[in-house]
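The listed protein sequences correspond, in order, to chains L and Y. Counting in my numbering, the first sequence runs without a single skipped number right up to 490 at its last residue. Counting in my numbering, the second sequence runs without a single skipped number right up to 1290 at its last residue. All residues carry an ideal CB built from backbone N, CA and C; glycine is no exception. The structure displayed is predicted, hence computed values, not measured ones.
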Amino acid sequence: MSTESTKLAFNDGWQYAPAPESTDHIRIDDQYGLFINGEFVEPESDRYFETVNPATEQTLSSVALASGADVDRAVKAARKAYSGAWSKMSASDRGKYIYRIARILQERAREFATIESLDGGKPIRESRDIDIPLAAAHFFYYAGWADKLEYAFPGRRPVSLGVAGQIIPWNFPLLMAAWKIAPALACGNTVVLKPAETTPLTAMKLAEVIRDAELPPGVVNIITGAGDTGAEIVNHPDVNKVAFTGSTEVGKIIQRSLAGTDKKYTLELGGKAANIIFADAAIDEAVEGIVNGIFFNQGHVCCAGSRLFVQESVAEEVVHKLRERMETLIVGDPLDKNTDIGAINSAAQLETIESYLKIGQDEGAEMYQSSCSVPGQGYWCRPTIFTGVSQSNRIVQDEIFGPVLAIQTFRTLEEGLTKANNTPYGLSGGVWTDKGAKIFKMTQQIRAGVIWANTFNKFDPTSPFGGYKESGVGREGGLHGLGAYLKLET
Amino acid sequence: MAGSTARVPVAKTYKIYIGGKFPRTESGRYFALNSSDGSVIANVCRGSRKDFRNSVVAARSAFGGWSAASAYLRGQILYRIAELLEGRNEQFVGELVLQGISRRKAKKEVEASIDRLIYYAGWSDKYQQIFSAVNPVSSAHFNFSVLEPTGVVSLLAPDESSLLGLVSNIAPIIVGGNTCVVLASEQLPLCAISFAEVLHASDVPGGVVNILTGYREELTDQFASHMDVNAVVFCDGDSEVARNVQEKAADNVKRVLARFDNDWTTDAGQSPYLINETQETKTTWHPIGS
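Here it is in structure tokens:
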């Protein structure tokens, strides 16, 4: 097997000219209050915290720190809206309000994409082409369900739950808000949502959209804060449903704290997905899939393909091609349209990732990083792969949540499966082969909620998403995502 | 003229809609639509069998692209039709009034038509999830059944309703990826042509919906018998009409959908089952193994 360089050399000596997205059309306020009962209000504590551009370390804005009293205000507003305007409205009218949100998001898409990249560090190409359009599509999809729920649950009468408390992560800030809010509203609930503390800005802009769409006050409340604020939402006695996306560690705390209550909950937690390459796969496409699987969004993806399993006979070729492909990846300014990998979301996350790079090397694995340059300011991590790892290595077992890939090999399908399933997680998986029968064998046997075959990291509002085992409880998206926000009465 | 204050309005020519264009009928014929006081409202095209055949050609050539469009895109386009109809709300109310409907009823009919389009826009990416299945066959096969559009549908729109009946039948046909040829209400034909203008401005590809005006008695046989039409929908008539359509439809085994008793004015007039009626079920078997 040849492992000679397959690189095309025609562009040696050429550089990409900078192609930054313009920021002159966006408006970010110096300070954002809490969006409660249809208006922005001061936090009771009068305390604010800063949100930083991870690519420059400069402060973008400051947002309110919501206390227990603020959470209580938000829940009360949501309750009042639930028993008042929202539940008195016809289902089709509820749908029309959700359609309005979708339409306004489409109209303001570029503004949202730019702010998402500024606040979270993700490449503009991803926020522009994936995050924001998908968020709008989620609102469209669930808007349509509002007056059609009885068709989704034959033989049952679907009834809304009440007030939903929703806590979302920093990796897909607006998209996760859409995943949470759209089905909750379509099913007739009202919402108290808390964005992550490092990425609150698109949620505050979404609050503007919801205001402009003239939703009745209190139907959606958006409050900012960190873990303590989240705990106040989870533990508030008048919350009927908790939806959380975040780490497995916090998910377990939430599940424990909900024990003994009758609150319904969905948890979308961590992952350590196996991406499995068979020898009969289209190798070049598989290499693209590996890159997309682990380097998409700086690897800040719960379903990232962070464990690579390559069939032994093609392992050398795959790793060789992967290294060459990694050399072409551009790490840098998230607002540049040529950027492939943006900034790590926060200083804390960069520290976590770097600690794992050290652990990996201390455990005896061989580390390879692309030789690209990274900017002086900001938080950056070069695309990284580890070879020579074993099943028990921490970089194979732990979710790193960064652009770090652990590579192992296998000989038979059964061996690949056994290794792939040797994890407490079960969110997603990938299979690369040109044998259809093998795909279905693998999708049947991999213990995970989403399997991608000859593709990776694909998302759609119509497609359910969620994990087996310690990757979570429940599904979001699609018809199945409705069940999380309904009581099914006989 | 000096001293006169009344402006002379420009009357609209009502033409037919074929393949994204607005020709007059090739036959050159017309029928006069009169108001209750006997004055002429419009000279409406009396569409011919040749117009119908041209329309089927347009519908067939549009079918490939439209049926391959994503469910999301079809939903967006239906939503867009509703948006534009909302913007022309007053025009349609005026046209209904011109055709003898009370203003109150006319307003209700236009609003219901807009809401109906929103309703079906919402189904675009959902009916598949309701009617499809993964089938647990006993052998080692992954077996699934999905819906695909039937093809070209001919539609004899409800005669008693100028707009709502038309919209209520076109929407479930096209949201499912079919294309259609429609004969507008004979007694209330105006809104159908204005609706064609709305479709034309809503990113609906030419040929997906083709709308003719003319005489039912003259065209029904064609709508039922054409060999390149896959399904025929009709909403008026009696058992004799039904028998005739059934018989003609048998020439190429068309799906025959008689919608005599549907009340289009209420929520009972909308349902995903109406989408399902112009869909085929396709089942795929695929082995599982290493």
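For residue i, the residue or residues it bridges with in DSSP
i: Y1030 of chain Y; result: Y:C1045
i: S1154 of chain Y; result: Y:V1181 and Y:V1232
i: H1286 of chain Y; result: Y:F1142
i: F410 of chain L; result: L:Q311
i: M367 of chain L; result: L:F386
i: V1208 of chain Y; result: V1208 of chain Y is not bridged to any residue.
C-beta atoms of residue i and residue j nearer than 9 Å
i: A177 of chain L; j: I168 of chain L; result: yes
i: V163 of chain L; j: V41 of chain L; result: no
i: V431 of chain L; j: F278 of chain L; result: yes
i: A146 of chain L; j: G84 of chain L; result: no
i: K1012 of chain Y; j: F1022 of chain Y; result: no
i: E111 of chain L; j: H25 of chain L; result: yes
i: P237 of chain L; j: T51 of chain L; result: no
i: L1163 of chain Y; j: V1182 of chain Y; result: no
i: I283 of chain L; j: G305 of chain L; result: no
i: T190 of chain L; j: A81 of chain L; result: yes
i: N345 of chain L; j: R307 of chain L; result: no
i: W1123 of chain Y; j: G144 of chain L; result: yes
i: W989 of chain Y; j: H1141 of chain Y; result: Outside the displayed span of chain Y (1001 to 1290) sits residue 989 of chain Y, for which this structure offers no information.
i: Y425 of chain L; j: G251 of chain L; result: no
i: T455 of chain L; j: G477 of chain L; result: no
i: P464 of chain L; j: V473 of chain L; result: no
i: I253 of chain L; j: V242 of chain L; result: no
i: I400 of chain L; j: P123 of chain L; result: no
i: F172 of chain L; j: D129 of chain L; result: no
i: V407 of chain L; j: V310 of chain L; result: Looking at the sequence itself, residue 407 of chain L is Ile, so the reference to Val does not match. Yes.
i: E1277 of chain Y; j: E1148 of chain Y; result: no
Residue i beta carbon near the ligand PLP (any heavy atom closer than 8 Å)
i: I395 of chain L; result: The ligand PLP is absent from the structure shown, which contains no ligand whatsoever.
Of the listed residues the options, nearest to residue i (C-alpha basis)
i: L488 of chain L; options: L:D129, L:I98, L:A348 and L:L161; result: L:L161
i: I1275 of chain Y; options: Y:V1175, Y:K1105 and Y:Q1222; result: Y:V1175
i: F244 of chain L; options: L:E214, L:E208, L:L215 and L:K194; result: L:K194
i: Y48 of chain L; options: L:S61, L:E317 and L:K80; result: L:S61
i: L34 of chain L; options: L:N338, L:L206, L:W14 and L:M89; result: L:L206
i: G992 of chain Y; options: Y:T1025, Y:I1170, Y:L1188 and Y:F1063; result: Chain Y is shown only over 1001 to 1290; residue 992 of chain Y falls outside these bounds and no answer can be derived.
i: T490 of chain L; options: L:V331, L:V159, L:L174 and L:A66; result: L:V159
i: V71 of chain L; options: L:T224, L:A484 and L:P20; result: L:T224
i: Y1120 of chain Y; options: Y:F1052, Y:C1191, Y:H1226 and Y:V1167; result: Y:V1167
i: T418 of chain L; options: L:Y141, L:N393, L:R447 and L:E317; result: L:R447
i: Q58 of chain L; options: L:A343, L:Y142 and L:H138; result: L:A343
i: N1043 of chain Y; options: Y:D1051, Y:G1165 and Y:N1034; result: Y:N1034
Coil, strand or helix - residue i by DSSP
i: A135 of chain L; result: helix
i: P1149 of chain Y; result: strand
i: E489 of chain L; result: strand
i: Y1252 of chain Y; result: The question names Tyr, but residue 1252 of chain Y in the sequence shown is Asn. Reduced to three states, the DSSP call for N1252 of chain Y is helix.
i: T229 of chain L; result: helix
i: P1172 of chain Y; result: helix
i: I115 of chain L; result: helix
i: N1089 of chain Y; result: helix
i: M1 of chain L; result: Because the pLDDT at M1 of chain L is just 47, under 50, the model does not fix this residue reliably, and the point stays unresolved.
i: Q58 of chain L; result: strand
i: W452 of chain L; result: strand
i: D284 of chain L; result: helix
i: G289 of chain L; result: helix
i: A213 of chain L; result: coil
i: R447 of chain L; result: coil
i: T202 of chain L; result: helix
i: F1260 of chain Y; result: coil
i: Y48 of chain L; result: strand
Closer than 8 Å at the beta carbon, the chain L residues around residue i
i: A1121 of chain Y; result: G144
i: I1118 of chain Y; result: S92, G95, K96 and Y99
i: P1272 of chain Y; result: K148 and Y151
i: L1075 of chain Y; result: This sequence places Gly at residue 1075 of chain Y; Leu is not what is there. By Cβ distance, chain L contributes F140 and G144.
Listed by chain order, chain Y residues near residue i by CB distance under 7 Å
i: K438 of chain L; result: S1290
i: Y141 of chain L; result: D1125
i: K441 of chain L; result: I1288, G1289 and S1290
Partners in chain Y for residue i, counting only beta-carbon separations shorter than 9 Å
i: T418 of chain L; result: Neighbours of T418 of chain L on chain Y: none; closest Cβ ~14 Å, over 9 Å.
i: T462 of chain L; result: A1071, Y1072, D1125, K1126, Q1128 and Q1129
i: L479 of chain L; result: K1126, Q1129 and I1130
7 Å Cβ cut-off: residues of chain L touching residue i
i: D1238 of chain Y; result: Within chain L, no residue comes near D1238 of chain Y; the closest Cβ sits about 33 Å away, beyond 7 Å.
Where residue i meets chain Y, residues with beta-carbon distance less than 8 Å
i: L413 of chain L; result: S1290
The stretch 1127-1146 of chain Y: positions lying closer than 7 Å to chain A by Cβ: Note that chain A does not occur in the displayed structure, where the protein chains are L and Y.
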